[in-house]
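J.: With our numbering as the guide, the letters of the sequence shown map in order to residues 662 to 948. All C-beta atoms, glycine included, are put in the ideal place defined by N, C-alpha and C.
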Amino acid sequence: MVTSSLQSRPAKVKKRMAQDRQPEEPPKTVVKDGKMENEIIQVKHLNFYYGPSQALFDVSMSIPEKRVTALIGPSGCGKSTFIRVLNRMNDIIDNTRVEGKIIINGKDIYQPGTDVVTLRKNVGMVFQKSNPFPKSVYDNVAYGPRLHGLKDRRKLDEVVHRSLERSALWSEVKDRLSDSAMDLSGGQQQRLCVARALAVNPNILLMDEPASALDPRSTTKIEDLIGELRAEYTIVIVTHNMQQAARVSDYTGFFYEGRLIEFNETRKIFTNPDHKQTEDYITGRFG
Ligand SMILES: Nc1ncnc2c1ncn2[C@@H]1O[C@H](COP(=O)(O)OP(=O)(O)OP(=O)(O)O)[C@@H](O)[C@H]1O
Ligand SMILES: [Mg+2]
């Protein structure tokens, strides 16, 4: 249940929240089974523009820590744009503009002086099309740790081993560490990309349709992997697959034409959504 409540907050926090928010919208608090969730990501009044064209409109959302949040909605509704805002991946697209606040771990990530390399270490990303580097399996996973200064071979070996274990790939590649990553299957390449993201110890993992190019068996592996990782990481996953969203996520946000129409616990979204547009979408009436 998403409720608006200031009651249990200390006066200092109340004051800060009162300053942060626009008068017309009270802050949202995510409450699950009567317990308040820790909101690791807070998005406030986000507008996003590609040149003159606006792609996101006044999106406000709190994403709970160590939960899986799914983002759904028809093609072109802004899911990828939104997820890329969370680790400033849109920065690399010319002529884009962000308004509003994105607070991650208490810090506004669009504040001048934000170290984007550190941000992306903390907020890792896996894309729809797996994109391993044309290097060995080992060097793909070791890439991030090396970039962040880890040189000791024994420690690198450990990180590579642990990351491949966590991404459920170790048993399949342990004898192929020096083979090219390009020789792995599509599903293996995608799990390698997960391992590469995990190797730098992120808190948050963003996944933009990570299984949409995979066969059912590889898709199941990715979903199982999300199930494994959920205890340790905050996961935000974009998916077109309703069953997948319902299977893997705790919370779901439904986007339509650049707006967040509804955000709630997944079981509520899929059984009794508040908005007709959400219902029409999840029942396949459009999209
Ligand atoms: N690099 C870009 N330059 C200009 N416009 C873009 C760019 N990327 C996305 N857009 C536009 O922004 C809007 C949202 O696109 P976005 O890719 O975020 O949607 P999406 O929900 O991820 O769609 P899909 O489900 O097809 O992946 C669309 O109108 C799209 O044309
Ligand atoms: Mg997309």
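Provide the residue(s) that pair with Tyr957 in DSSP beta bridges, ordered along the chain.
T.: Past the edges of the chain, shown from 662 to 948, lies residue 957, and the structure says nothing about it.
J.: Is Lys740 helix, strand or coil when you go by DSSP?
T.: helix
J.: Under the rule that 16 or more other beta-carbon atoms within 10 Å means buried, what is Asn766, buried or exposed?
T.: exposed
J.: Under the assumption that Val784 contacts Leu867 (Cβ atoms under 8 Å), give the Cβ distance between them as a whole number of angstroms.
T.: 6 Å
J.: CA-CA distance, Arg946 and Gln851?
T.: 31 Å
J.: Mind checking Gln905: buried by the 16 CB within 10 Å criterion, or exposed?
T.: Answer is buried; the Cβ neighbour count reaches 16.
J.: I'd like the list of long-range same chain contacts for Leu717, defined as Cβ closer than 7 Å, with 5 residues on each side in sequence excluded.
T.: Leu707, Asn708, Phe709, Gly739, Thr742, Phe743, Gly919
J.: CB-CB under 8 Å to Asp885, same chain, minus the five flanking residues each way: which ones, in chain order?
T.: Ala829
J.: Could you check if Lys812 belongs to the surroundings of ligand 2, using beta carbon to heavy atom distance under 7 Å?
T.: no
J.: Regarding Ser832 and ligand 2, is the C-beta to nearest heavy atom distance less than 7 Å?
T.: no
J.: Would you kindly work out how many angstroms separate the C-alpha atoms of Glu726 and Ser791, rounded to a whole number?
T.: 26 Å
J.: By DSSP, does Asn925 sit in helix, in strand, or in coil?
T.: Here Asn925 sits in strand by DSSP.
J.: If you reduce the DSSP assignment to three classes, tell me which class Ala803 lands in.
T.: helix
J.: Do the segment 719-734 and the segment 894-905 touch if we need at least three Cβ pairs shorter than 8 Å?
T.: As far as the Cβ criterion goes, the segment 719-734 touches the segment 894-905, which means the pair count is three or higher.
J.: Give the secondary structure of Ser832 by DSSP, where H, G and I count as helix, E and B as strand, and everything else as coil.
T.: helix
J.: To which residues of the same chain is Lys696 closer than 8 Å at the C-beta, ignoring the five residues directly before and after it?
T.: none
J.: Kindly identify the DSSP beta-bridge partner or partners of Ser841.
T.: Ser797
J.: For Lys812, list the residues DSSP reports as bridge partners.
T.: Paired residue(s): none; Lys812 is not in a bridge.
J.: Determine whether the beta carbon atoms of Thr944 and Ile930 lie at a separation below 8 Å.
T.: No, the Cβ-Cβ distance between Thr944 and Ile930 is not below 8 Å.
J.: According to DSSP, is Tyr912 helix, strand or coil?
T.: strand
J.: For Glu870, which residues from the same chain have a beta carbon less than 7 Å from its beta carbon, with the 5 sequence-adjacent residues on both sides left out?
T.: Gln789, Val899, Thr900, His901
J.: Within the same chain, show all residues whose beta-carbon is closer than 6 Å to that of Asn756, passing over the 5 residues directly before and after it, in chain order.
T.: Gly712
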